[in-house]
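For reference, the structure is listed below as structure tokens.
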Amino acid sequence: MIDGIGNPNNLNIGVGRGQTPDISKGAMTLKGKGIADGTVVEGRVLSAENGTYTVRIAGQNLMARSNLTLYPGQHFQALWDAKGDVPVLRLRPEDAALLGKLPQGDREAASLLLSKGLPLTDELMLGLRREFRRLGGDSVSMNSLVELMARGEAVTSEKANLLSWYLSMDSNSVAAQWRRIREELRERSRRGEHPLESLREMKEGEDESSLFLRAHSLVSRPPREPFSHAALAGAWWPSPDEDSLPARVRFSSSGGGPGEERRYYQVSFALDGVAIGEVSGRLESDGKALAVSINAEDPAGRDSISERLNELRDDLSDLGMSLQYLGVEGRRKDDGRRYLRLDIEA
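The UniProt record's numbering applies: residue 1 is where the sequence shown begins, and numbers increase by one.
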């Protein structure tokens, strides 16, 4: 067995970074505000200890138990069962029934795929099982294996280690990394170095910032089919303001519908603001037109963004694409609707 897949110590990365819950945006609670029993939720695991998880859902740090496989740093989809004293994250009944029909040895891998909204196809199961065994069968690495497979990456123990560390980081640790990277870029710029060449050089090093940049590059790659709609991790992208926390960003692309030749590109993002609360959104484009939908749970945050829509519209117009849609909504929606494609067809 390979020793300690997912252990930061194997890469000389700072010990303990990202292993504790990120509670800077509010204390952990048991009952999620506004989360009704039976709701399908999407979230991220902040920590796991003795069968109890700290998770980030809808802008809240919550404690919950789970009847499915979860790992620190993992993004997941699950049913929110709030009937007991401590909420439980559960698979949907049909997924749980499917899981019960599988051999015991396949259930951990299958549970992880189902919690990410992925189908239990022979191809996915065989691929995950093969890579899992090849890297020594350490369950801590399994979430990273799916993230690598989703992006078509060659799976290695080094990449699995990198992603396990990167995905378990909290936003404050990430912000500190970006500050160090920016400082080095400024210093290199004063010496006359080109920023892109500087970044390429920095990625090749063995210090913590170099490892961070390599992991960031891996997670920034768009997923391939059939992973495009899975609950995968987003990359931590820096805010223009160095004192602000970073945003989690996902890139994806897809072909057009029947008879359509153009590809469509999507960028989804989520960030936690001190004044505006949790904000998420999605940008869609076919390279010629652009649609932007923003979701803000907090009414004050929604009002603040709405007041700046004209400023945002002006910034987007500088991209050279036709802005088809720009709007702010009160709650996150994922109904598969594409404003851009609807406008084009109209």
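Ideal placement from N, C-alpha and C gives every residue a C-beta, glycine not left out.
So, helix, strand or coil for residue i, using DSSP?
i: HIS194; result: coil
i: ARG341; result: Bear in mind that a pLDDT of 32 at ARG341, under 50, signals an unreliable position, so the model cannot answer this.
i: LEU79; result: strand
i: GLY127; result: helix
i: GLN177; result: helix
i: GLN104; result: helix
i: GLY137; result: coil
i: SER171; result: helix
i: LEU70; result: coil
i: ARG188; result: helix
i: MET63; result: strand
i: VAL155; result: coil
i: GLU206; result: coil
i: VAL55; result: strand
i: LEU283; result: strand
i: ALA48; result: strand
i: ALA289; result: strand
i: ILE214; result: It is worth fixing the name first, because residue 214 is Arg in this sequence and not Ile. In the structure shown, ARG214 sits in a helix (DSSP, three-state: H, G or I).
i: ASP272; result: strand
i: PHE251; result: strand
i: ARG92; result: coil
Rounded to whole angstroms, how far is the Cβ of residue i from the Cβ of residue j, which I believe are closer than 8 Å?
i: GLY73; j: ASN143; result: 7 Å
i: ILE35; j: ALA78; result: Not confirmed; about 11 Å, so no contact.
i: TRP165; j: ALA215; result: 7 Å
i: GLU123; j: VAL155; result: Not confirmed; about 15 Å, so no contact.
i: SER293; j: ARG282; result: 5 Å
Excluding sequence positions up to five away, which residues of its chain have a Cβ less than 6 Å from the Cβ of residue i?
i: PRO119; result: none
i: LEU167; result: GLY73, ALA233
i: LEU112; result: THR69, MET142
i: ALA48; result: PRO72
With the cut-off set at 8 Å, would you say residue i and residue j are in Cβ contact?
i: SER209; j: ARG180; result: yes
i: GLU297; j: GLY59; result: yes
i: VAL219; j: GLU147; result: yes
i: SER317; j: LEU323; result: yes
i: GLY301; j: GLY277; result: yes
i: ALA270; j: GLY117; result: no
i: LEU102; j: LEU128; result: no
i: residue 351; j: MET63; result: Here the chain covers residues 1 to 346 and nothing more, so residue 351 does not appear.
i: TYR53; j: VAL45; result: yes
i: ALA160; j: LEU135; result: yes
i: TRP80; j: GLY137; result: no
Keeping to the same chain, check which residues put their C-beta closer than 7 Å to that of residue i; ignore five residues upstream and five downstream.
i: GLY43; result: VAL55, ARG56, ILE57, PHE76
i: SER189; result: PRO195
i: SER252; result: PRO222, PRO223, SER228, GLN266
i: SER95; result: Here the sequence assigns Asp to residue 95, which means Ser is not the residue at that position. Counting only Cβ-Cβ distances below 7 Å, and skipping sequence neighbours, we find LEU114.
i: GLY51; result: ARG65
i: ALA247; result: TRP237, SER239, PHE269, ALA270, LEU271
i: TRP178; result: PRO238, PRO246
i: GLU153; result: LYS159, LEU218
Leaving out five residues on either side along the sequence, give the residues of the same chain with a beta carbon under 8 Å from the beta carbon of residue i.
i: LYS203; result: SER210, LEU213, ARG214, SER217
i: SER306; result: VAL328
i: GLY100; result: none
i: GLU184; result: SER198, MET202, SER209
i: ASP22; result: Legend: pLDDT at ASP22 = 42, less than 50; position of this residue unreliable, no value from coordinates given.
i: ARG200; result: none
Quiz item: Taking one C-beta from the stretch 284-295 and one from the stretch 62-69 each time, how about it: are there three or more such pairs within less than 8 Å?
Solution: A contact between stretches requires three or more CB pairs, one per stretch, nearer than 8 Å, and the stretch 284-295 fails this requirement with the stretch 62-69.
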